[in-house]
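For the protein sequence lines, the chains are W and R, in the order given. Quick note: the first sequence, position 58, residue 58 per this note's numbering, numbers continuous. For this note's numbering, add 1000 to where a residue sits in the second sequence, where the first one is 1.
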Amino acid sequence: MTSANDEAVAPPNQAGSQRSAAAVATNGADSSSQLSHDEELQAYRDMLLIRRFEEKAGQLYGMGYIGGFCHLYIGQEAVVVGMQMALRQGDQLITGYRDHGHMLACGMDPKGVMAELTGRQGGYSRGKGGSMHMFSVEKAFYGGHGIVAAQVPLGAGLAFANRYRKNGQVSLTYFGEGAANQGQVYETFNMASLWKLPVIFIIENNRYAMGTAVARAAAKSEELYARGAAFGIPGEQVDGMDVGTVNAAGERAIAHARAGNGPYILEMMTYRYRGHSMSDPAKYRTREEVQKVREEQDPIERLRTRLLAGGTSEDGLKAVDKEIRAIVNDAAEFSQTNPEPAESELWTDITRDLSA
Amino acid sequence: MPTQVLMPALSPTMEEGTLAKWLVKEGDAITAGDVIAEIETDKATMEVEAVDEGTLGRILILEGTEGVKVNTPIAMILEDGEDASALDGTTVTGAPAPPDVAESTPPATQTDADQSASPPAAVAAVSRAAPELEIPANTEMIATTVREALRDAMAEEMRRDGDVFIMGEEVAEYQGAYKVTQGLLQEFGPERVIDTPITEHGFAGIGTGAAFAGLKPIVEFMTFNFAMQAIDHIINSAAKTLYMSGGQMGCSMVFRGPNGAAARVAAQHSQDYSSWYAQVPGLKVIAPYSAADAKGLLKSAIRDPNPIIFLENEILYGQSFDVPALDDWLIPIGRAKILRSGDGVTLVSYSRSVAYALEAADALAEEGISAEVIDLRTLRPLDLETVVQSVMKTNRLVTVEEAWPVCSIGTEVCQQVTSRAFDYLDAPPTKVAGANVPMPYAANLEKLALPSVAQVVAAAKAVSYA
Ligand SMILES: Cc1ncc(C[n+]2csc(CCOP(=O)(O)OP(=O)(O)O)c2C)c(N)n1
Ligand SMILES: [Mg+2]
């Protein structure tokens, strides 16, 4: 399998006047991180939670507890965790069906997420949504959407409401590089720029849309962020495998949007280690390609190396590992023992009464 | 010859207006484009421009006249060299001239008896699709999955006609998201087996444009759920162009892919669109159950000169059925098939729900009720003849479908049978359909949302008063 980005996650490009993002770092190399030690430790913990949670979800799928489509986020953790650390309370998130990482990063309860994956009463959608469709008004997580790119105008709509209410909040709108070819993305870019909506468009460029390598589906695929230029939307390409670099880019983008300057595009160069969904054998790429990214760019390993170099003890990190495993095991246990929804749930939540 | 100036229609809905003011008087020279009068409609005051040159010979409708009907002559223009004697016999009114044409006859009430594009009067004469090919005795039958049958149909038609090509997401290198296009890239190459980006609206439009130009595209939707992104082109561009162009230009193409519920993929990936498309004039809609029908109907669909919606079912893909080993196995579009004959109750179904009907028929037989099972196969045009004939024999009708019950195919069948065979019915026709809710994810709820064999049996017994 050849693609434009065959070797490694491509080096980031950049548009506009923003200062330059880090070049591709390999494990342990420096990043443009501005995170404090404590923040880095938090990022490590948050990424590890997603990694272990997703591994467990994969297992539960194999055991038949989870059905249907299940898209894992393994490999992409730095994107959502780095961005989350740049947010303020009340800022909204919206994404597609590869959504478990986003939900955990914004503080949703791993038990509720896992129980939704198994279709149980205690899940975030009471078992009615499944892996692709979860929401949390409390955490400003707006889903969880199954139709590729549908979340892009929806996310701009959240930003529209922010601007309308002048509440100073921004909307983080995540979508894949495959989704970036849908027409509604460009309709949205136009309106978002025209109306200066406070929205950050985050392209999670994991190099594949199902079995299609980005260069086979996108014209000028080496710089998707530059597609905003025609609409006057600034953007940059970011090493999405480094949580500090992601965070620094996130701070820039969010400051731009929050200041009333309109949308901003971040093209996160990242990679998914697993198949598109549980049923994808991923024969369109080599084992070596995956292995190389894991060895050289794994976001968790990179941060771990940096933490150790910065004086964090092995024992300290082990304690984090242990804590995370306990959380994930609890969630898995809950998701298997929690009951299925009551049969009467079939008929609820279809329309709302005026009084509700 | 003096030219008449007619009261113009100044909006799509305007039928009459007030001639508010003349801006020219008799004897004035007029050139095309001159504003000659002002007219008030219910919405605005509009200016009237002259379209002809000459001299204003006579004003026929005086200033201030209300209720002037569209197309009433309001003035006469004399050509160069003509004099007023040419106007002899014209009359001036302060009121609108009575309409001189008979009101157009109101359209005859559309009887709902007809789903074909023919006018109601022709109902009785609607020609039905040709009967199905007889399978010659001794024809070898080969167990084939629906998936393979669809692939074989496409491959055969692509061999036969170089204008046939397939486009869609993951159809080529990945060999199809559900492996329906397996091997086609290898045989026909990337010019005819084309991977698209995830841009349904765009590639459905490109496919339709290519069909306008005479190619015969097969547009695969990874599932019909995603065809909602493209439905504007399917309906506004593909279905209506033949009509809008007065028959000059249509499109011979197939939109195909899995439709309806799969398993545990929740609300946005589980919808049955049968009745959505079956409602649209200009489309033909096919929803087969067996592999033999899938193959024979897809081949007919590819050859058909119209846009075809070909609704497959993911769960059926892996199921095997006998397919006759014939060089050119074609099944006529628009013919239902009786899968099992009986005289106690008629079960009408399509696509995967046919399996429920067949199983229910087995169960009913054990209780002494003889069910006739009809697979509609084509949803537009509907083969009502076959259904009505059956109901005349059984006097009872149950429809079975996975779709939502409101405005469904079953609804249409029940209504049509009621109006065509009312006197033959011994019980109200009954629908068994999916629950009227978005598809839930949870295993227990999903099961409840789909029809079951038990529900079909119960409905059949209820109409049999058994
Ligand atoms: C409109 C639409 N078309 C097709 C699909 C099927 N589909 C689901 S995910 C996907 C690939 C999307 O790739 P990308 O946007 O790169 O996101 P990733 O899965 O890599 O996170 C496709 C084709 C869909 N869900 N919606
Ligand atoms: Mg992708």
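Backbone N, C-alpha and C define an ideal beta-carbon position, used for all residues, glycine too.
Item                                                                                                                                              : Value
Contacts around residue 139 of chain W, its chain only, beta-carbon distance under 7 Å, and the 5 residues preceding and following it disregarded : 106, 107, 108
Cβ-based burial, residue 1105 of chain R [other Cβ within 10 Å; buried from 16]                                                                   : Caution is warranted here: a pLDDT of 45 is assigned to residue 1105 of chain R, below 50, making its placement in the model unreliable, and no coordinate value can be reported.
Per-residue contacts from residue 202 of chain W into chain R (C-beta, under 7 Å)                                                                 : By Cβ distance, chain R contributes nothing, its closest Cβ being about 17 Å from residue 202 of chain W, past 7 Å.
Any non-hydrogen atom of ligand 1 within 7 Å of residue 276 of chain W CB                                                                         : yes
Cβ pair residue 75 of chain W, residue 273 of chain W closer than 8 Å                                                                             : yes
Residues in the stretch 179–196 of chain W having any Cβ partner in chain R nearer than 7 Å                                                       : 179, 181, 182, 183
Cβ neighbour criterion (16 or more within 10 Å) applied to residue 1414 of chain R                                                                : buried
Sequence-distant residues of the same chain with beta carbon closer than 7 Å to residue 1439 of chain R, five excluded per side                   : 1261, 1266, 1267, 1270, 1446, 1449
Any 3 or more C-beta pairs closer than 8 Å across the stretch 1192–1206 of chain R and the stretch 1168–1178 of chain R                           : yes
Continuous beta strand (DSSP E) stretch holding residue 204 of chain W: start and end                                                             : 199–205
Chain W residues whose Cβ lies nearer than 7 Å to that of residue 1272 of chain R                                                                 : The premise fails here: residue 1272 of chain R is roughly 16 Å from chain W at the closest Cβ pair, so nothing lies under 7 Å.
Same chain, Cβ closer than 6 Å to residue 339 of chain W, neighbours up to 5 away in sequence not counted                                         : 121
Beta bridge counterpart(s) of residue 1058 of chain R as assigned by DSSP                                                                         : R:1076
Straight-line gap, residue 21 of chain W to residue 41 of chain W (C-alpha atoms, nearest Å)                                                      : Confidence at residue 21 of chain W is low in this model, with a pLDDT of 40, below 50, so its placement is unreliable and the value that follows should be read with caution. Whole-angstrom Cα-Cα distance: 22 Å.
Contact between the stretch 1281–1294 of chain R and the stretch 1302–1314 of chain R (3+ Cβ pairs under 8 Å)                                     : yes
Lining residues of ligand 2 - beta-carbon closer than 6 Å to any non-hydrogen atom, in sequence order                                             : W:176, W:177, W:178, W:206, W:208, W:209
8 Å Cβ cut-off: residues of chain R touching residue 333 of chain W                                                                               : Residues of chain R passing the Cβ test: none, with the nearest at roughly 19 Å.
Any C-beta of chain W under 8 Å from that of residue 1440 of chain R                                                                              : yes
CB contact check: residue 1266 of chain R to chain W, cutoff 8 Å                                                                                  : yes
Heavy atom of ligand 1 within 7 Å of residue 237 of chain W beta-carbon                                                                           : no
Buried or exposed by the 16-neighbour rule on C-beta atoms within 10 Å, applied to residue 329 of chain W                                         : exposed
Per-residue burial, residue 204 of chain W [other beta carbons within 10 Å of its own, 16 or more giving buried]                                  : buried
Endpoints, beta strand (DSSP E) assigned at residue 1017 of chain R                                                                               : 1016–1022
Burial state of residue 220 of chain W (16 or more Cβ within 10 Å)                                                                                : exposed
Whole-angstrom distance between residue 39 of chain W and residue 1228 of chain R, CA atom to CA atom                                             : 44 Å
For residue 266 of chain W, three-class secondary structure by DSSP                                                                               : strand
Beta-carbon proximity check, residue 1456 of chain R vs residue 1356 of chain R, cutoff 8 Å                                                       : yes
C-beta contact flag for residue 246 of chain W and residue 79 of chain W at 8 Å                                                                   : yes
Straight-line Cα distance separating residue 49 of chain W from residue 129 of chain W                                                            : 22 Å
8 Å Cβ cutoff, residue 1170 of chain R in contact with chain W                                                                                    : yes
Neighbour flag for residue 1437 of chain R against chain W, beta carbons, 8 Å                                                                     : yes
Enclosing alpha helix (DSSP H) for residue 53 of chain W [first to last residue]                                                                  : 37–62
Nearest neighbour of residue 294 of chain W, chosen from W:335, W:242, W:322, W:325 [CA to CA]                                                    : W:242
Buried/exposed call for residue 1080 of chain R, threshold 16 Cβ in 10 Å                                                                          : exposed
Contact set between residue 153 of chain W and chain R, taken where Cβ atoms lie within less than 7 Å                                             : Neighbours of residue 153 of chain W on chain R: none; closest Cβ ~12 Å, over 7 Å.
Candidates W:275, W:92, W:160, of which the one nearest residue 1174 of chain R by Cα                                                             : W:275
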